[in-house]
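The opening position of the sequence shown corresponds to residue -19 in the numbering used here, with each subsequent residue numbered one higher.
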Amino acid sequence: MVKKVRKSKDSSFKPFHYKSLSQLEREIEKLHLNIPISKDISILKKKKRFKNIFIPNRLAIQPMEGFDAKQDGSPSILTNKRYQRYANSGVALIWFEATAFVREGRSNPHQLMITEKNLEDFRKLVQKTRNLCNRTLQELGFNNKCLLILQINHSGRYSKKEEEAHPIKAFNYKPLEIKKEKSKIKGKIISDEELQEIENQWIDSIFLAKEAGFDGADIKSCHGYLINELLSAHRREGSKYGGPKLRDRAKLLLNIISKSVERMDDKSDFFLTTRISVYNGIPFPYGFGVEKSSGEEFPAPVNLDEPKKLISLLYKKGIRLINISAGNPHHKPYITRPYDTPVKGGEKPAEHPLISLNRIYTLTEEIKSSQPDDMIIIGSALSYLRQYSGYIAAGLINKKIVDICGFGRMAFANPQFPKQLFTEGVINKKKTCISCSKCSELMKEGKETGCVIRNPLYKQNNS
């Protein structure tokens, strides 16, 4: 069970200020946290068995929307360049960003969207990425091939229509509603009939991903988007996709998996996975992974009984790889991605960033310990730790809290971080993510995203 860190003056917010690894270790000790550090990072180079293949090393790039697709959802030149940077990094696994399959499910008019019409563009992106990724791995001394996964998503509450917010919600919950100054917004509660239609469209998109050459497809179940919100739909009354039973709230996810597996060729190596927020901190009955007696407190006390049951159901359906996250970055984002500076108009974190990290690692450890050994667990929330993140990644793997460590914001700031770890033993501190939230701010504003601190293109545009 995840233990709650007692509040004290030490647990209040403090920005990143660690001049050495020992300073970070002392802060972790002072806060009584369970954040493992391993100065020997050789484990990051070790392969990991997954089904009938080996994943070359223990580093992955997490899905980060670039919002640089063409109007029809096709990858643009900028999209291709970004994935070439990732492919040249040395990671074993590239988890492609959230990709829509219907226009009304996009969160941005320049979000990727896979269709039959642009399938060839995705196929070219995959092939170029795979070729360079495998060549880079070979140059670094790895003998196994990279894995490429496409995250497929419906943005649900965060959908946009003609560049304006158009929420498609599983239920109403005031703290998640868009602020009143945007009162022209029109949205709706999605019907069961519409969910059944989305189910079929989602399955079709999975097979488009397979045709495009991806190794697997992620049915996105995190960060407050449609499937993740349904998991919290305790008060969605008179619906087959809500109510007190977990199987009903998880129906969309479970049906997509079951029906996709039925359609799959038995000889296919293509696999399904999901990135899932196992806890969002929202009080019951609107939260997931929380105590039922949580009252109004945020973050609500953790109870992972339902997330563990759900992941066990996924295991029975053949899922052997899960990407663990937490929170809803649109609501109290420090639960998902600790930061030093909020987005413009945002709030300072309500707790010490190391406490936020500790929560995610502890959640992940509880999930990992509840599953069979052949369920591969990918961990999140490493980028905040900057040049020390490699030591924590190695610590998490050595303690069997995760199998693979995923980096999101760091890949925007410093896509060469894996090469630096593999060849120099440390990430270049002058090139790390500094958790300034500018990439999130660009995303919030609907602009092309990236690192405004490290990417010279942003400096040119602002000069």
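Cβ coordinates follow ideal geometry from the N, Cα and C atoms, glycine included.
If we call anything under 8 Å between Cβ atoms a contact, is I8 one with I15? Here the question's residue 8 lines up with position 28 in the sequence shown. Here the question's residue 15 lines up with position 35 in the sequence shown. Against a cut-off of 8 Å, the Cβ pair of I15 and I8 comes out as a contact.
At what residue ranges does the stretch 228 to 298 contain a whole run of the beta strand (DSSP E), taking only runs of 3 or more? 251 to 257
Cβ shell of L183 (< 8 Å), same chain only, five flanking positions each side left out: Translated into the one-based positions of the sequence shown, residue 183 becomes position 203. Before going on, a small fix: residue 183 reads as Ile here, not Leu. So the qualifying residues of the chain are I236, K239, S240 and R243.
Is the stretch 41 to 54 touching the stretch 88 to 102, taking contact as three or more C-beta pairs under 8 Å? yes
Between the C-alpha atoms of I291 and E209, what's the straight-line distance to the nearest angstrom? What you label residue 291 is simply residue 311 of the sequence shown in a count that begins at 1. What you label residue 209 is simply residue 229 of the sequence shown in a count that begins at 1. When rounded, the distance between both Cα atoms is 16 Å.
I444: buried (16+ other C-beta within 10 angstroms of its C-beta) or exposed? This structure does not reach residue 444, given that the chain is present from -19 up to 443, and the question cannot be answered.
Own chain, CB closer than 8 Å to Y295, minus 5 neighbours either side, in chain order: Against the sequence shown, residue 295 aligns to sequence position 315. Hits under 8 Å: Q351, P352 and M355.
Reference K247; option with closest CA among N32, P(-5), L105 and Y(-2): For the purposes of this step, residue 247 is identified with residue 267 of the sequence shown, where counting begins at 1. Taking only the C-alpha atoms, the option nearest K247 is N32.
Along the chain, which unbroken stretches of the beta strand (DSSP E) at least 3 residues long are found entirely within the stretch 294 to 327? 301 to 305
For the alpha helix (DSSP H) containing A451, name the first residue and the last one. Missing from the structure shown is residue 451; the chain here goes from -19 to 443 and no further.
Inspect the CB distances between the stretch 137 to 155 and the stretch 79 to 91 and report whether three or more fall short of 8 Å. yes
For K231, which residues in the same chain have their Cβ closer than 7 Å to its Cβ, ignoring the five residues on either side in sequence? Position 251 of the sequence shown, counted from the first residue, corresponds to residue 231. So the list reads K220 and Y221, once near-sequence residues are dropped.
Could you tell me which residues DSSP puts in a beta bridge with E119? In the sequence shown, counting from the first residue as 1, residue 119 sits at position 139. Answer is none; E119 lacks a bridge partner.
When you compare the CB positions of I279 and I315, do they come within less than 8 Å of one another, or not? Counting from 1 along the sequence shown, the entry for residue 279 is found at position 299. Counting from 1 along the sequence shown, the entry for residue 315 is found at position 335. At residue 279 the sequence reads Pro, which differs from the Ile that was named. For P279 and I315, yes; Cβs fall inside 8 Å.
From the DSSP secondary-structure annotation, give me the bridge partner or partners of S201. Here residue 201 corresponds to residue number 221 of the sequence shown, with the count starting at 1. S201 pairs with I256.
Of the choices K125, N394, K348 and F402, whose alpha-carbon is the least far from that of L376? Here residue 376 is taken as the residue at index 396 of the sequence shown, counted from 1. Here the closest residue by C-alpha is K348.
Could you tell me the distance, in whole angstroms, from the CA atom of C431 to the CA atom of E217? Residue 431 sits at position 451 when you count from the first residue of the sequence shown. Residue 217 sits at position 237 when you count from the first residue of the sequence shown. If I take the Cα positions, the gap works out to 43 Å.
Going by the DSSP bridge assignment, what does E493 pair with across the sheet? No answer is possible for residue 493: it lies beyond the span of the chain, which begins at -19 and ends at 443.
Over the uninterrupted alpha helix (DSSP H) stretch that includes A213, give me the two end residues. Within the sequence shown, numbered from 1, the residue matching residue 213 stands at position 233. Run containing A213: none; DSSP gives neither H nor E here.
Any idea which residues DSSP pairs T79 with across the strands? Here residue 79 is taken as the residue at index 99 of the sequence shown, counted from 1. Looking at the DSSP assignment, T79 forms a beta bridge with I132.
Secondary structure of R434, DSSP reduced to three states: Taking the first residue of the sequence shown as 1, we reach residue 434 at position 454. The answer is coil: DSSP assigns R434 none of H, G, I, E or B.
How long is the line joining the alpha carbons of P322 and D245, rounded to whole angstroms? For the purposes of this step, residue 322 is identified with residue 342 of the sequence shown, where counting begins at 1. For the purposes of this step, residue 245 is identified with residue 265 of the sequence shown, where counting begins at 1. Answer to the nearest angstrom: the Cα atoms are 47 Å apart.
What did DSSP end up calling Y(-2) once you bin it into helix, strand or coil? Stepping through the sequence shown from its first residue, residue -2 is reached at position 18. Coil at Y(-2), not helix or strand.
In its own chain, which residues sit with a C-beta less than 6 Å from the C-beta of D20, not counting the 5 before and 5 after it? Here the question's residue 20 lines up with position 40 in the sequence shown. Counting only Cβ-Cβ distances below 6 Å, and skipping sequence neighbours, we find nothing.
For A80, the nearest candidate out of N133, Q107 and Q64 (CA to CA): Taking the sequence shown and counting its residues from 1, the one referred to as residue 80 is at position 100. Ranking the options by Cα distance to A80, first place goes to N133.
Measure from the alpha carbon of F268 to the alpha carbon of each residue in F250, K289 and L112, then state which is nearest. As a first step, residue 268 must be located in the sequence shown, where it is residue number 288. Cα-wise, what sits closest to F268 is K289.
First through last residue of the beta strand (DSSP E) which encompasses F30: As a working note, residue 30 is residue 50 in the sequence shown. Note, F30: beta strand (DSSP E), K28 to F30.
Could you tell me the boundaries of the beta strand (DSSP E) in which I41 lies? Within the sequence shown, numbered from 1, the residue matching residue 41 stands at position 61. L39 to I41 is the span of the beta strand (DSSP E), which, as asked, contains I41.
Just the Cα atoms here: how many angstroms apart are N435 and R255? Translated into positions along the sequence shown, residue 435 becomes position 455. Translated into positions along the sequence shown, residue 255 becomes position 275. Each residue's Cα considered, the two are about 27 Å apart.
Is the CB-CB distance between G325 and F250 below 8 Å? Locating residue 325 in the sequence shown gives position 345, where the first residue counts as 1. Locating residue 250 in the sequence shown gives position 270, where the first residue counts as 1. Going by C-beta atoms, G325 is not nearer than 8 Å to F250.
Please identify the residue among R339, M423, I199 and E276 whose C-alpha is closest to the C-alpha of I299. Your numbering for residue 299 matches position 319 in the sequence shown. Out of R339, M423, I199 and E276, I199 has the C-alpha closest to the C-alpha of I299.
Are there any heavy atoms of the ligand MN lying less than 7 Å away from the beta-carbon of G307, as far as the coordinates show? Absence of the ligand MN from the depicted structure is noted, as is the absence of any ligand whatsoever, leaving it without description.
Give every residue of the same chain whose Cβ lies closer than 6 Å to the Cβ of G204, excluding the five residues on either side of it in the sequence, and list them in chain order. Working through the sequence shown from its first residue, we reach residue 204 at position 224. Counting only Cβ-Cβ distances below 6 Å, and skipping sequence neighbours, we find N308 and H310.
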